[in-house]
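J.: Pasting in a structure now, in structure tokens, and then I'll have a few things to ask.
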Amino acid sequence: MEIEKTKFEGAYLIKPKVFDDERGFFMESYSKKRLKDLGIEADFVLDCHSKSVTKGVLRGLHFQLPPYTQAKLVRVTKGAVYDVIVDLRKDSKTFGQWEGFELTDNNFYMLFVPKGFAHGFCTLVDDTEFQYKCDNEYTPSAEGAIAWNDPDLKIFWPIENPILSDKDAKAQKFSEFNSPF
1 MEIEKTKFEG AYLIKPKVFD DERGFFMESY SKKRLKDLGI EADFVLDCHS KSVTKGVLRG
61 LHFQLPPYTQ AKLVRVTKGA VYDVIVDLRK DSKTFGQWEG FELTDNNFYM LFVPKGFAHG
121 FCTLVDDTEF QYKCDNEYTP SAEGAIAWND PDLKIFWPIE NPILSDKDAK AQKFSEFNSP
181 F
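Letter 150 of the sequence shown, counting from 1, is numbered 150 in the numbering used here, and no numbers are missing.
In structure tokens, the structure reads:
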């Protein structure tokens, strides 16, 4: 397992070692010990799995408010996404900045998203499946979202006319968000 720093303190792109042969492949998708050895500590308590049936689905940018914040380990199990994180930590030197990553079922990359970040992704191909490991339970009363197309954040999304949930279409602007992180 190889770890690559992102531009954000505490956020990492993880490249697992994949053993590939004519039968297929084998990889370790999670090891608490290996991640801890790499400097990532999270006590994951919830696994989630989503499926997007068509290219162009955009989910996000989501977060949970304190005291229900979540760190996440995310990966694609089928298909491909463009995955984006936004730093919401008001005392961070990278507050309000974003970074995007391509996660696919071919590159096997995973992204560790620390607490205090908004997270979202758009699907790049049809029939994409995405898995999350979270270190806190989902708490609907604590959920929040920032607009995917926020004019201040200026996030590049490699799709046009995304397919959004009603909730994501009505997400607040970054300038309206008073960060508790």
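Glycine included, every Cβ here is placed at the ideal spot set by N, Cα and C. Since this is a predicted model, take the numbers as computed values, not measurements.
Buried or exposed: D166, going by 16 or more other Cβ atoms within 10 Å of its Cβ?
T.: Exposed, by the Cβ-count rule.
J.: Going straight from the alpha carbon of S52 to that of A71, what length do you get?
T.: Answer to the nearest angstrom: the Cα atoms are 22 Å apart.
J.: To the nearest angstrom, report how far apart I159 and C48 are at their CA atoms.
T.: Looking at the two C-alpha atoms, the distance is approximately 24 Å.
J.: Have a look at S179 and P67 and give me their C-alpha separation to the nearest angstrom.
T.: S179 and P67: Cα-Cα distance of roughly 13 Å.
J.: Which stretch, first to last residue, makes up the beta strand (DSSP E) that contains D47?
T.: Per DSSP, D47 belongs to the beta strand (DSSP E) from 46 to 52.
J.: What whole-angstrom Cβ distance do H62 and I85 have, given they're in contact under 8 Å?
T.: So it is not a contact: roughly 11 Å between Cβ atoms.
J.: Among the candidates I163, F181, D21, whose CA atom is the shortest distance from the CA of T123?
T.: When only C-alpha atoms are compared, the closest one is I163.
J.: So, helix, strand or coil for K36, using DSSP?
T.: Helix.
J.: Below 8 Å, is the gap between the Cβ of F174 and the nearest heavy atom of the ligand PLP?
T.: This structure simply doesn't include the ligand PLP, nor any ligand for that matter.
J.: Taking the C-alpha atoms as reference points, what is the distance between G144 and F156?
T.: Roughly 21 Å between the two C-alpha positions.
J.: Does the region 90 to 98 touch the region 35 to 49, meaning 3 or more C-beta pairs lie closer than 8 Å?
T.: No contact exists between the region 35 to 49 and the region 90 to 98.
J.: In chain order, what residues of the same chain lie with their CB nearer than 8 Å to the CB of V45, ignoring the 5 residues before and after it?
T.: These residues qualify, in order along the chain: C134, D135, N136, E137.
J.: Pick from D21, E2, E9: whose alpha carbon is nearest that of P114?
T.: Closest option to P114, Cα to Cα, is E9.
J.: Specify the secondary structure class of K167 as computed by DSSP and reduced to three states.
T.: In the structure shown, K167 sits in a helix (DSSP, three-state: H, G or I).
J.: What did DSSP end up calling E176 once you bin it into helix, strand or coil?
T.: Looking at E176 - three-state DSSP - the assignment turns out to be helix.
J.: Who does G120 pair with in a DSSP beta bridge?
T.: In the DSSP output, where bridge partners are listed per residue, G120 has V84.
J.: By Cβ distance, which residues of its chain are closer than 7 Å to D150, with the 5 residues on each side in sequence left out?
T.: Here the set comprises K173, F174.
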